Amino acid sequence: MNLNVLIVPGDGIGVEVTKEAVRVLEHTCKKFNHSLHLTEGLLGGVAIHKTGGPFPEETRKLALEADATLMGAVGLPEFDNWPPEKRPERGLLGIRKALGVYANLRPVKSYPSLLDSSPLKNHLVDGVDMIIVRELTGGIYYGTPRGITGEGGEERGTNTMTYTRDEIARVTRMAFSLARNRRKKVTSVDKSNVLETSQLWRRVVCEVAPEFPDVELEHILVDNCAMQLILRPKQFDVVVMENMFGDILSDEGAVIAGSIGMLPSASIGGKKPSGAWVGLYEPVHGSAPDIAGQNKANPLGAIGSVAAMFEYSFGLMKEAQAVYKAMEEVLNSGKTTADLKPKGTPATTEQVGESVCDAI
Ligand code: IPM
Ligand code: MG
625 MNLNVLIVPG
635 DGIGVEVTKE
645 AVRVLEHTCK
655 KFNHSLHLTE
665 GLLGGVAIHK
675 TGGPFPEETR
685 KLALEADATL
695 MGAVGLPEFD
705 NWPPEKRPER
715 GLLGIRKALG
725 VYANLRPVKS
735 YPSLLDSSPL
745 KNHLVDGVDM
755 IIVRELTGGI
765 YYGTPRGITG
775 EGGEERGTNT
785 MTYTRDEIAR
795 VTRMAFSLAR
805 NRRKKVTSVD
815 KSNVLETSQL
825 WRRVVCEVAP
835 EFPDVELEHI
845 LVDNCAMQLI
855 LRPKQFDVVV
865 MENMFGDILS
875 DEGAVIAGSI
885 GMLPSASIGG
895 KKPSGAWVGL
905 YEPVHGSAPD
915 IAGQNKANPL
925 GAIGSVAAMF
935 EYSFGLMKEA
945 QAVYKAMEEV
955 LNSGKTTADL
965 KPKGTPATTE
975 QVGESVCDAI
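If you're matching positions, the sequence shown starts at 625 in the working numbering and goes up one per residue.
Shown next, in the form of structure tokens:
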């Protein structure tokens, strides 16, 4: 198969974890006889430095030409006081919207060798296997009006959470389709006791559900969900929610997996102007400027995102499984980065990437 992949390392540890993810991507393609064509694009703080803006036109073009994009992370502390429309993060929102990847899949699972890396008790974490499906191209991240207006005591910040029926229905269908091949349970998260967007959300989810009679549906309020994720995480299979709820609750999911460095993500559902499907793959973690350039960041979230790319963008299940299995082997060996309580001296980012390749 021909795989055309755009690599967007971004900022901070994005650069070093992406390098290891690319190492695994290249190695797996070689091993399974696929021809891989890589291009590289700028996004985030590095793009601001080199081009003046966080999402250069060239990157948009490259992303729309590629079959899939592998991203690192964006964000640098020097832009902390910049307005949202100029910040590195706006580049990420831009590429998600440009590709139309409305469903962000964030699998949260416990690895037997990492049970002690979670602050939760082993029996709570052992056996957790869920997918958070986060709506990714709508809601309060994109809604207008937005901005800061007025002065003095009347200075006002405004953001708008808004959803259309179609936006809710398509991500709901994605969640149900995933559940069909899993434990056949969808939990929809909302705040319908307060928000109109959530009331519409719940109504539309209920309307879509009968298309999937074999899948059980339950609703949960977002505050209760935050608690249940810690109290009884094993109850969840596929959990679907709007953009900002998903941003927040997926970081909570990281506590179950043992480290935010472990979580991969796949953003799917998008189509190119040609009609071809397109995906964006990125670890859930941020750019972690405090440890950037030190060769100690955990690359497994980025490497897991490569596995997700094989699975969702290319339908290459054997290749995906080979990567997942190799990751598990490395975890079992205990030769991991410092965030995972390694056996002995912590491994470097590069060593973890190399070990995954060796295991493949
Ligand atoms: C994430 C991140 C991003 C988001 C930031 C960096 C804009 O936190 O992917 O979870 O909020 O979507
Ligand atoms: Mg986040």
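All C-beta atoms in this analysis are idealised placements derived from N, C-alpha and C, irrespective of residue type, glycine included. This structure is a prediction, so every number in the text was calculated from the model and none was measured.
Query, Result
"Coil, strand or helix - valine 818 by DSSP", "coil"
"C-beta neighbour in chain D for serine 742, strict 7 angstroms", "This model lacks chain D altogether; it includes just one protein chain."
"Cα-Cα separation, alanine 793 to valine 828", "6 angstroms"
"Nearest-angstrom Cβ-Cβ length linking alanine 727 and valine 795, presumed shorter than 8 angstroms", "5 angstroms"
"Alpha helix (DSSP H) segment containing proline 731, residue limits", "That residue, proline 731, is in no alpha helix (DSSP H); its beta strand (DSSP E) goes 727-733."
"Proximity below 7 angstroms, CB of threonine 786 to CB of proline 769", "no"
"Under 7 angstroms between C-beta atoms of isoleucine 764 and serine 874", "no"
"Run of the beta strand (DSSP E) containing histidine 661, from where it starts to where it stops", "659-664"
"Through-space distance from leucine 630 to isoleucine 892, alpha-carbon basis", "15 angstroms"
"Serine 979, enclosing alpha helix (DSSP H) - first and last residue", "973-983"
"Proximity of serine 898 and alanine 692 at Cβ, strictly below 7 angstroms", "no"
"CA-to-CA distance, glycine 885 to valine 641, given in whole angstroms", "10 angstroms"
"DSSP state of lysine 895 mapped onto helix, strand, coil", "strand"
"Glycine 939 - DSSP class collapsed to helix/strand/coil", "coil"
"Segment contact, 8 angstroms Cβ cut-off, at least three pairs: the segment 847-865 with the segment 692-706", "no"
"Given 8 angstroms, three or more beta-carbon pairs between the segment 899-907 and the segment 745-754", "no"
"Rounded separation between alanine 921 and proline 837 - CA only", "43 angstroms"
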